[in-house]
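Everything below concerns the one structure shown next.
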Amino acid sequence: MQKDSGSMRSVVAYASMMTGALCAKYHHRWSGRRDSNPQQPAWEAGALPLNYARASLTPQIAQIVYHQTMLDFQFTIITGHYGVGKTNLALNLARDAALSGRGQVMLVDLDIVNPYFRSSDYPQLLDDYGIRLVAPTFARTTLESPSLPAAVSAAFDHAGPVFFDVGGDDDGATTLGRYRNEIQTRAATLRENPNGYAFLYVVNRYRNLSTTPTEAVLLLREIEAACGLTATGIVNNSHLQIETTLDVVAAAADFGVAVARLARLPLVATTLPAALMDAAATDTRLAQAPGGAATLGELLPIQTLVTTPWS
Numbered sequence: 001m002q003k004d005s006g007s008m009r010s011v012v013a014y015a016s017m018m019t020g021a022l023c024a025k026y027h028h029r030w031s032g033r034r035d036s037n038p039q040q041p042a043w044e045a046g047a048l049p050l051n052y053a054r055a056s057l058t059p060q061i062a063q064i065v066y067h068q069t070m071l072d073f074q075f076t077i078i079t080g081h082y083g084v085g086k087t088n089l090a091l092n093l094a095r096d097a098a099l100s101g102r103g104q105v106m107l108v109d110l111d112i113v114n115p116y117f118r119s120s121d122y123p124q125l126l127d128d129y130g131i132r133l134v135a136p137t138f139a140r141t142t143l144e145s146p147s148l149p150a151a152v153s154a155a156f157d158h159a160g161p162v163f164f165d166v167g168g169d170d171d172g173a174t175t176l177g178r179y180r181n182e183i184q185t186r187a188a189t190l191r192e193n194p195n196g197y198a199f200l201y202v203v204n205r206y207r208n209l210s211t212t213p214t215e216a217v218l219l220l221r222e223i224e225a226a227c228g229l230t231a232t233g234i235v236n237n238s239h240l241q242i243e244t245t246l247d248v249v250a251a252a253a254d255f256g257v258a259v260a261r262l263a264r265l266p267l268v269a270t271t272l273p274a275a276l277m278d279a280a281a282t283d284t285r286l287a288q289a290p291g292g293a294a295t296l297g298e299l300l301p302i303q304t305l306v307t308t309p310w311s
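Numbering (my numbering), first residue to last: 1 to 311.
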């Protein structure tokens with residue numbers, strides 16, 4: 001009983017710490033930015049300030065992102081808000097790429113900000129699928145200041161698929177910015193290698209402080225500014241962890257479409273629990289998204305690979 005009480009105190013302390021830190025961090029961002037008319041969606045009200053406007057995608061990038069599946073890229077960067085499910089998505093994509101037989105897969109954990117829910121916490125899972133993990137130095141230890149190993153640079157010469165799991169928000173994206181030159185060099189090969197590069201921004205309608213398209217896109221712009229790179233696509237990963245049902249996924253379908261339209265980026269994929277795939281095939285609600293089911297991108301089955309301290 002004492003052990004259980006201690007674990008519960010740790011969970012409560014962690015939750016309180018994260019909630020307090022995030023509220024303080026984002027209060028100045030979102031204060032006054034809520035829609036003045038709650039009945040009018042922000043993406044229709046033109047809520048984004050002019051300095052967040054961006055040009056449309058070049059035809060080359062738009063074609064690449066729309067017509068390649070999630071596993072066709074050699075080089076994939078995964079970013080987003082804290083807690084949207086980036087790490088679980090990265091683990092799923094890396095595992096699926098390994099099972100596809102496309103050569104040895106590498107997963108680079110670039111999260112040196114948040115000591116919880118890192119790809120580095122699952123070395124056995126990755127090893128089981130032959131995935132090479134590049135983790136922050138001192139990851140999975142009690143030290144609070146992990147650093148990036150020199151092995152990260154080797155990822156840019158790796159022959160197989162490489163997935164970058166980036167820390168949350170602009171803080172995590174700052175770390176990604178250290179490798180901006182290498183990434184831009186890879187991006188420059190797009191015309192010669194249409195499967196070369198993807199920068200995916202992951203959203204979750206049910207994640208606090210990013211529940212509207214306006215909030216999600218403002219955060220995307222801060223991530224892009226912090227790392228000096230621009231996203232190439234959106235992934236709608238809206239979920240409620242183990243409480244996710246088809247109702248939950250369907251209710252968030254239009255959110256992903258709206259974020260993509262406001263950001264002027266393609267919606268690359270909409271995820272849902274793998275156990276719901278059969279039901280989704282015959283459910284008409286996903287087809288009712290703005291523009292129809294085709295606007296949802298690839299319907300991507302996801303398994304829960306990331307576990308929480310309380311699960």
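Positions of the beta carbon are idealized from the N, C-alpha and C atoms, including for glycine.
{"Asked": "According to DSSP, simplified to helix, strand and coil, what is PHE73?", "Found": "coil"}
{"Asked": "DSSP on LEU110, reduced to helix/strand/coil?", "Found": "coil"}
{"Asked": "For ILE242, count the other beta carbons within 10 Å of its own beta carbon; 16 or more makes it buried, fewer makes it exposed. Which is it?", "Found": "exposed"}
{"Asked": "For THR284 and GLN104, what's the separation of their Cα atoms in angstroms?", "Found": "39 angstroms"}
{"Asked": "Is it right to say ASP170 is buried, meaning 16 or more other beta carbons lie within 10 angstroms of its own, or is it exposed?", "Found": "buried"}
{"Asked": "For ALA198, which beta-bridge partners are listed by DSSP?", "Found": "THR76"}
{"Asked": "So, with DSSP's three-state summary, where would you put PRO273?", "Found": "strand"}
{"Asked": "Which value, in whole angstroms, describes the spacing of the CA atoms of TYR66 and ALA150?", "Found": "Any reading at TYR66 is ruled out, since the residue's pLDDT is 36, under 50, leaving its predicted position unreliable."}
{"Asked": "Taking the alpha-carbon of LEU110 as reference, which of LEU272, LEU267, ALA173 has the nearest alpha-carbon?", "Found": "ALA173"}
{"Asked": "Does the beta-carbon distance from VAL203 to LYS86 come in below 7 angstroms?", "Found": "no"}
{"Asked": "My output table needs one value for VAL248: the three-state DSSP class, helix, strand or coil.", "Found": "helix"}
{"Asked": "With distances taken between CB atoms, is the gap from PHE164 to ILE77 smaller than 7 angstroms?", "Found": "yes"}
{"Asked": "Report the three-state DSSP secondary structure of ARG132 (helix, strand or coil).", "Found": "strand"}
{"Asked": "Would ASN92 be called buried (16 or more neighbouring beta carbons within 10 Å of its own) or exposed?", "Found": "buried"}
{"Asked": "How about TYR197 and SER238: are their beta carbons less than 7 angstroms apart?", "Found": "no"}
{"Asked": "Out of ASN236, PRO266, LEU265, which one is the CA nearest neighbour of VAL248?", "Found": "ASN236"}
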